[in-house]
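Chains A and B supply the protein sequences, listed in that same order.
If you're matching positions, the first sequence starts at 7 in our numbering and goes up one per residue.
If you're matching positions, the second sequence starts at 6 in our numbering and goes up one per residue.
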Amino acid sequence: MKTHPNKTCPQCGALLLPDAPAGLCPVCVMAMNLATPTMLEEDGAAGHIRFEPPALEEIIPLFQQLEIIELLGRGGMGVVYKARQKKIDRLVALKILPKEIGGTAGFADRFVREARALGQLNHPNIVTLYEFGHVELEGGEPLYYFLMEYVDGLNLRQLQGNGRVEPREALAIVPQICDALQYAHDQGIVHRDIKPENILLDRRGSVKVADFGLAKIAGSVESPPPAGVDEPISNRQSTVGNVILGTPKYMSPEQIEAPGNVDHRADIYALGVVFYQMLTNEMPSKELQPPSKKVRIDVRLDEVVLRALEEKPDRRYQQASTMKTQVETIMEKAEPKGRGFKFAVMGMAAVVAVLLGLGLLFVATDPEQAVAQEEPLNTPHALKEAPTELVIEVGLKNMRTPWAWQELERRFEEGQLSDQQIDRFVDALVRQWESDSPNGYHFPLMSLEVLLTKFSDEERLSDEQKLDLLTALQGAPSVQQLPRVKQGDEQVDVFVQWRTMHEHRLFGLVMLSRIASILIDGKSVELLADYPINPKLMGAEMPIPVSDLKPGAYPLEVRVLTAWVEEEAAAVFSADTKTADWPVVEKQWIRTCSDTLRVFSPDETVLAPVDDPQLDPVTAGALGVESVNINSIKNGAALIASFKFAISKVPVPVSADVFLTLGDQTYPCGTQWAYSKEQQSGYTSQAKKVELPRLDSSIKTAMITLKYNPEYLERNSMADSVWSRDIVLWDVPVVRYDPDLPGSMLVAADPTDLQRPVKGFADDPRQQVAGTSFGGIGQAPEPTSQGGLTITVSAEGVVYIEGQPCPLDRLDGELKRLADSGKDSVLVRAERQTSYRYVSGVMAACKAAGFNNVIFSVKASEAGDSDSLPTDTKESR
Amino acid sequence: METGSSFQPDSNSAADGREDIFVTTRWTLIQRAGDSSSEARRALEEVCRMYWFPLYAYVRRRSYSPEDAEDLTQAFFAHLLEHGWLKNADRDKGRLRAFLITALKRFMAKEWRKASARKRGGGIANLSINAGLAEGRYEAGGSPSLDAEAMFDRQWALAVLDATLQRLEAEFAKAGKATEFLVLKETLVLTRGAIDYAEIAARLKMSEGAARVATHRLRKRFRQIYRDEVAETLPVGANLDEEARYLAESLAKG
Chain A
7 MKTHPNKTCP
17 QCGALLLPDA
27 PAGLCPVCVM
37 AMNLATPTML
47 EEDGAAGHIR
57 FEPPALEEII
67 PLFQQLEIIE
77 LLGRGGMGVV
87 YKARQKKIDR
97 LVALKILPKE
107 IGGTAGFADR
117 FVREARALGQ
127 LNHPNIVTLY
137 EFGHVELEGG
147 EPLYYFLMEY
157 VDGLNLRQLQ
167 GNGRVEPREA
177 LAIVPQICDA
187 LQYAHDQGIV
197 HRDIKPENIL
207 LDRRGSVKVA
217 DFGLAKIAGS
227 VESPPPAGVD
237 EPISNRQSTV
247 GNVILGTPKY
257 MSPEQIEAPG
267 NVDHRADIYA
277 LGVVFYQMLT
287 NEMPSKELQP
297 PSKKVRIDVR
307 LDEVVLRALE
317 EKPDRRYQQA
327 STMKTQVETI
337 MEKAEPKGRG
347 FKFAVMGMAA
357 VVAVLLGLGL
367 LFVATDPEQA
377 VAQEEPLNTP
387 HALKEAPTEL
397 VIEVGLKNMR
407 TPWAWQELER
417 RFEEGQLSDQ
427 QIDRFVDALV
437 RQWESDSPNG
447 YHFPLMSLEV
457 LLTKFSDEER
467 LSDEQKLDLL
477 TALQGAPSVQ
487 QLPRVKQGDE
497 QVDVFVQWRT
507 MHEHRLFGLV
517 MLSRIASILI
527 DGKSVELLAD
537 YPINPKLMGA
547 EMPIPVSDLK
557 PGAYPLEVRV
567 LTAWVEEEAA
577 AVFSADTKTA
587 DWPVVEKQWI
597 RTCSDTLRVF
607 SPDETVLAPV
617 DDPQLDPVTA
627 GALGVESVNI
637 NSIKNGAALI
647 ASFKFAISKV
657 PVPVSADVFL
667 TLGDQTYPCG
677 TQWAYSKEQQ
687 SGYTSQAKKV
697 ELPRLDSSIK
707 TAMITLKYNP
717 EYLERNSMAD
727 SVWSRDIVLW
737 DVPVVRYDPD
747 LPGSMLVAAD
757 PTDLQRPVKG
767 FADDPRQQVA
777 GTSFGGIGQA
787 PEPTSQGGLT
797 ITVSAEGVVY
807 IEGQPCPLDR
817 LDGELKRLAD
827 SGKDSVLVRA
837 ERQTSYRYVS
847 GVMAACKAAG
857 FNNVIFSVKA
867 SEAGDSDSLP
877 TDTKESR
Chain B
6 METGSSFQPD
16 SNSAADGRED
26 IFVTTRWTLI
36 QRAGDSSSEA
46 RRALEEVCRM
56 YWFPLYAYVR
66 RRSYSPEDAE
76 DLTQAFFAHL
86 LEHGWLKNAD
96 RDKGRLRAFL
106 ITALKRFMAK
116 EWRKASARKR
126 GGGIANLSIN
136 AGLAEGRYEA
146 GGSPSLDAEA
156 MFDRQWALAV
166 LDATLQRLEA
176 EFAKAGKATE
186 FLVLKETLVL
196 TRGAIDYAEI
206 AARLKMSEGA
216 ARVATHRLRK
226 RFRQIYRDEV
236 AETLPVGANL
246 DEEARYLAES
256 LAKG
């Protein structure tokens, strides 16, 4: 079956494949119809109309002076693209207002008037407006846009997405917002929509406030027309008498009451909310509690926050500058004595650390990191003066902060590092990895990688050193799940895990690992297939036949073959390529790990029951429940109770049936099991859910019982022992959501329970990393020619021919023209995120146009390297 | 109001009842009865028919040839129907999607050799897998960078969507509104602002108001059926939204 290059999705412009269900673009069908309410809330835009931007292909031809690079984000006020002004080669942010907005009466005048005023704002903490205006869509509809300064960084919401912003980071951010507000207020401009999404932080840690006055411009949008047709909930909620202004959660009381008539003190209130949220990681509740009641901070900050949050504008700070002065006074006094640098500087350093870290998918939330920031020497400033040996020492102690590595890089560039220093450094690094992380160092290397790569590029590392580094990074394999089996079972699953470089590259090399052989009692077991690693698990699971083994304990040995492969060669084969087909193996070695395979007779139990009270998972603080949440379903006709267990290192594995007791009713909720692995720091269970007929509103607490049932662990052989007593968690708060109020408002229990952190159960940092996205501030495709024609397909499906965007409707004609002009081969390159649907369509179009040689290549490295796409290519079929 | 607006495919009240994820689903029926009842067996056959392709795609992505993948998928289902594997289905792990892929992996590791050693097909009712079609779909679907599991998830999500749209189309066809479906289905991918109601009205010879209502009903019904189809693959008490979100993400990965 062939692709039909001309059949594209009218919504996203993607090329459709023949298997698109009912000929519709599956991604859009899902997106248009199945966005769940939760997603809207998470978006933080629940209070806004969710405007839909025009399709990208509509936009590109309208802005000839721009090269549209990527979508940065969308929100209530339109959509923002990263773009490049071709003439002056400047990166800009193109904000397109929703087209619905343009048609409203009086909008054009208001737009020009307000935009001119905004254009006058010129302040280092305010995103500069370069240009504004409108273009006409095909039907003559006006499309209003702003061209603004592009800020390479994060917004505060994204920063908060990685956990609480440290108080000193907050203290470094707030005064800059105050500066921006004071300046604008002096010009008579009120922001009206201060919220974390509008506070941008660039890579140097400077604050830039975005979207000044936009709320006012967008403020008089008519409520969307279709009467009688259901609109998304978000739309209905957000229109207050035809006027949308601000974001309810951050709006001052007077702004909620009379949105059209507010002054600059509304901004001060909103800043108060932002400040409160930064300090406590919670939104201020009705019964306002001072931040110091929730977190350990200077009590004088309470005064600042509470004053900004005064209900009556007259009682708030009257000027943003006053608020700034007060914050700075507190900062100065908080400056620790005897340290050679200013508190504010440290605060900013922390912000920069987080920013840098996020850019490289690394989160500064672990305690080690927090301590590292306290270390006086581990700052760029202090390291600058330190002798090289000390810089290395600080770096090794604080492996995951960038400062020491950046300092070494600087010295290396300036030719200050001797070969001996480099050798000693590499030795120390290898030793450190081997001793601290015998199972492999599994954090991103970031600045350290930059440094090592530089050493390698300048040929200052020997092959042995490289191999030492790679081997230490990989660590030793280990058997994860215990090999336990009952006699008569035909197979046992052996799960071997190791840290692998497969998804990571260093020195232009990729390390690949594969199970080579398995020995039981010294005898090799026949592998049933060539088991590839699973890059996600960094390990492999293998069923091995054991049917003829008698009860007893057998030594089990797993041999892992590891090979060092050139990155270019590695790119042409998949995770499934058989070991025998591995290309260009420069060097390979075998590492082994062993365990004991136990075969139990059918009447034996696998698990030893433990009931030592000192190992009780609950009193040890390793198992708990935050709250039981009650939601309505079926339009309030029934209720559903749900809860999750927060689990950290359990002293003894747990396997139990779970029961929820509310009042005098008890409901079974399935099973729960938990056991601790070495690297596991904490996680939450899947939600346990149960439907309730009704619930007496007087019930404020629940009881959860875990009845000992070893069956799960028994079957899955993850442990040798199990907690053999029943566990009872009582006094668990019940949090209820009222079915009658839109947006699931909290009505019962203590509101503070909602965001109450569970003590001692930090989220698994790996999960946080996985959930972190860099908000689209990655690298744009960098089209470069490699002989023949180069076509780049961006993640959004924009097609660039030799760097120039080509609208899809002109693609066929353009390709034909190029093919006829004598070009024979074409390289189609894609971003990692680019859907293959886009690529395959483009490739089919190339073939149809007459190109003989169509090659497909995908960007192999994650966004972050500024280098162009690598040369590894894969022949298309 | 125009009369054109009164059309309503199928009975909505029945559909509302099925929104409830706690009623018996196709999957719970299979789980509960094991393989003992003919009803459960029928349900399983139906499931196999709907979901063989994601499994086929998984096998292909594990570097099996098209022929082997076809054989293997066939044998897997035959095995599933023949043997009492469903008794081992882990109710807590729950989802049909997870069950099938786990069972398939085990099958690939162990049973496949046995099964292929035997002469294939003896007395086993083969599911009709159209190998040519399967290979075409496999070639066309999904980015080459997807690993086998991601490929499976993606194809699974497509299968659910496909089942939804087919059911929707069938409902319209049954009500004698096949043309209406053809015109209206295009709106499923559009944002509200992008829908040209006037054009739809003209094509369907109804008023614009009626076109709005018909569009709205189509969307609503689509959502109902989709949730319904997802729920069919879940055990009692599972989180439907979570699964729906997972499927949407699987698709978005390309």
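Beta carbons are placed, not taken as given, at the ideal position from N, Cα and C, and that holds for glycine.
This structure is a prediction, so every number in the text was calculated from the model and none was measured.
Where B/A253 and A/G79 are concerned, what is the direct C-alpha to C-alpha distance, given to the nearest angstrom?
On the second sequence, position 248 is the one that residue 253 of chain B refers to. On the first sequence, position 73 is the one that residue 79 of chain A refers to. Straight-line Cα distance between these residues: approximately 19 Å.
Grouping DSSP H, G and I as helix and E and B as strand, with all else coil, what is B/M211?
Position 206 of the second sequence, counting from 1, holds the residue named residue 211 of chain B. Of the three classes helix, strand and coil, the one that applies to B/M211 here is coil, per DSSP.
For A/R96, the three-state DSSP class (helix, strand or coil)
Translated into positions along the first sequence, residue 96 of chain A becomes position 90. If DSSP states are grouped into helix, strand and coil, A/R96 belongs with the strands.
Determine the closest residue to B/K190 out of B/W161, B/A162, B/R228, with distance taken between C-alpha atoms.
By 1-based counting over the second sequence, the position of residue 190 of chain B is 185. When each option's Cα is compared against that of B/K190, the closest is B/R228.
Name the residue from A/V571, A/T677, A/K492, A/E573 whose alpha carbon lies nearest to the alpha carbon of A/S607.
Locating residue 607 of chain A in the first sequence gives position 601, counting from the first residue. Ranking the options by Cα distance to A/S607, first place goes to A/K492.
Could you give the distance in angstroms between the alpha-carbon of B/V194 and the alpha-carbon of A/A37?
Start at 1 with the first residue of the second sequence, and residue 194 of chain B comes out as number 189. Start at 1 with the first residue of the first sequence, and residue 37 of chain A comes out as number 31. Each residue's Cα considered, the two are about 8 Å apart.
Which chain B residues sit within Cβ distance under 7 Å of A/C852?
Within the first sequence, numbered from 1, the residue matching residue 852 of chain A stands at position 846. Result: empty, since nearest Cβ-Cβ is about 16 Å, beyond 7 Å.
For the alpha helix (DSSP H) containing A/V804, name the first residue and the last one.
To locate residue 804 of chain A, count along the first sequence from 1; it is residue 798. Neither: A/V804 is in no alpha helix (DSSP H) and is coded neither H nor E.
So which residues of chain A does B/D167 contact, with C-beta pairs closer than 7 Å?
Taking the second sequence and counting its residues from 1, one reaches residue 167 of chain B at position 162. Going along chain A in sequence order, the residues near B/D167 (Cβ under 7 Å) are P27.
Local conformation of A/H129 per DSSP, three classes
Taking the first sequence and counting its residues from 1, the one referred to as residue 129 of chain A is at position 123. Three-state result, A/H129: coil.
Within-8 Å CB hit, B/V52 to chain A:
The sequence position of residue 52 of chain B within the second sequence is 47, counting from 1. No, because no Cβ of chain A sits closer than 8 Å to the Cβ of B/V52.
Residues from the region 170-189 of chain B in contact with chain A, defined by Cβ distance under 7 Å:
L170, E174
Helix, strand or coil at A/N859 [DSSP, three-state]:
Reading the first sequence from its first residue, position 853 is the one you call residue 859 of chain A. A/N859 falls in the strand class under three-state DSSP.
Hey, A/P561 and A/S600: beta-carbon distance below 8 Å or not?
Walking along the first sequence from the start, residue 561 of chain A turns up at place 555. Walking along the first sequence from the start, residue 600 of chain A turns up at place 594. Yes.
Roughly how many whole angstroms lie between the Cα atoms of A/Y681 and A/I636?
Against the first sequence, residue 681 of chain A aligns to sequence position 675. Against the first sequence, residue 636 of chain A aligns to sequence position 630. A/Y681 and A/I636: Cα-Cα distance of roughly 28 Å.
Are A/P551 and A/Q497 closer than 8 Å when you measure CB to CB?
Within the first sequence, numbered from 1, the residue matching residue 551 of chain A stands at position 545. Within the first sequence, numbered from 1, the residue matching residue 497 of chain A stands at position 491. It is a contact, given that the beta carbons lie within the stated cut-off.
Proximity test, Cβ basis, 8 Å: B/A257 and chain A:
Along the second sequence, read from residue 1 onward, the residue named residue 257 of chain B stands at position 252. B/A257 counts as touching chain A.
Within a Cβ cutoff of 6 Å, which residues of the same chain sit near B/L163, ignoring the five residues on either side of it in sequence?
Here the question's residue 163 of chain B lines up with position 158 in the second sequence. So no residue of the chain qualifies.
Beta-carbon separation of A/A614 and A/D726 under 8 Å?
Counting from one through the first sequence, the residue named residue 614 of chain A turns up at place 608. Counting from one through the first sequence, the residue named residue 726 of chain A turns up at place 720. Yes.
Per DSSP, cross-strand counterpart(s) of A/T602
Counted from its first residue, the first sequence places residue 602 of chain A at position 596. For A/T602, which the question treats as bridged, DSSP gives the partners A/P561.
The alpha helix (DSSP H) with B/Q160 in it runs from where to where?
Locating residue 160 of chain B in the second sequence gives position 155, where the first residue counts as 1. That run of the alpha helix (DSSP H) goes 153-179.
By the DSSP assignment, the alpha helix (DSSP H) with A/K403 in it spans what residues?
Here residue 403 of chain A corresponds to residue number 397 of the first sequence, with the count starting at 1. It spans 394-403 - the alpha helix (DSSP H) in which A/K403 sits, taken as one unbroken run.
Ordered along the chain, which non-local residues of its own chain (more than five positions away) have a Cβ less than 7 Å from that of A/V397?
Counting from 1 along the first sequence, the entry for residue 397 of chain A is found at position 391. The residues are L389, A410, E413, L414.
Which one of B/D158, B/A216, B/W161, B/A108 has the shortest CA to CA distance from B/F186?
As a position in the second sequence, residue 186 of chain B is number 181, starting the count at 1. With distances taken between Cα atoms, B/F186 lies closest to B/A216.
Compute the beta-carbon to beta-carbon distance between A/V516 and A/A478, rounded to the nearest angstrom, for a pair I have assumed lies under 8 Å.
Along the first sequence, read from residue 1 onward, the residue named residue 516 of chain A stands at position 510. Along the first sequence, read from residue 1 onward, the residue named residue 478 of chain A stands at position 472. Contact flag wrong, Cβ pair sits at about 16 Å.
Quick one: give me the first and last residue of the alpha helix (DSSP H) that B/F104 is part of.
Looking up residue 104 of chain B in the second sequence gives position 99. Unbroken alpha helix (DSSP H) run through B/F104: 101-111.
Does the separation of the CB atoms of B/T169 and B/E234 fall below 8 Å?
If you number the second sequence from 1, residue 169 of chain B lands on position 164. If you number the second sequence from 1, residue 234 of chain B lands on position 229. Yes, the pair counts as a contact, with Cβ atoms nearer than the cut-off.
Whether A/L294 touches A/A176 by CB criterion (8 Å)
Taking the first sequence and counting its residues from 1, the one referred to as residue 294 of chain A is at position 288. Taking the first sequence and counting its residues from 1, the one referred to as residue 176 of chain A is at position 170. Their beta carbons are not under 8 Å apart, which means A/L294 does not touch A/A176 by this criterion.
Can you tell me the Cα-Cα spacing of A/L143 and B/W161, whole angstroms?
Taking the first residue of the first sequence as position 1, residue 143 of chain A is located at position 137. Taking the first residue of the second sequence as position 1, residue 161 of chain B is located at position 156. Near 39 Å, if we compare the C-alpha coordinates of B/W161 and A/L143.
Against chain A, does B/F227 count as a neighbour if the rule is that its beta carbon must be under 8 Å from one of theirs?
Walking along the second sequence from the start, residue 227 of chain B turns up at place 222. For B/F227, the answer is yes, since a Cβ of chain A falls inside 8 Å of its Cβ.
Within a Cβ cutoff of 8 Å, which residues of the same chain sit near B/A249, ignoring the five residues on either side of it in sequence?
On the second sequence, position 244 is the one that residue 249 of chain B refers to. For B/A249, where only same-chain residues beyond five positions count, the Cβ hits under 8 Å are Y231, R232, V235.
With DSSP collapsed to three states, give me the class of B/D73.
The residue labelled residue 73 of chain B in the question sits at position 68 within the second sequence. It is helical.
Reference A/A652, options A/L467, A/P623, A/G446, closest by Cα:
Locating residue 652 of chain A in the first sequence gives position 646, counting from the first residue. Residue A/P623 is the option with its Cα nearest to A/A652.
To the nearest angstrom, how far is it from the Cα of A/D830 to the Cα of A/L821?
Mapped onto the first sequence, residue 830 of chain A falls at position 824. Mapped onto the first sequence, residue 821 of chain A falls at position 815. Going from the Cα of A/D830 to the Cα of A/L821 covers about 11 Å.
Chain B contact residues for A/V35, given Cβ-Cβ distances below 7 Å:
Within the first sequence, residue 35 of chain A is the residue found at index 29, counting from 1. Within chain B, the residues near A/V35 are L166, L193, V194.
Any idea what DSSP makes of A/H140, helix, strand or coil?
Here residue 140 of chain A refers to the residue found at position 134 when the first sequence is read from its first residue. Strand.
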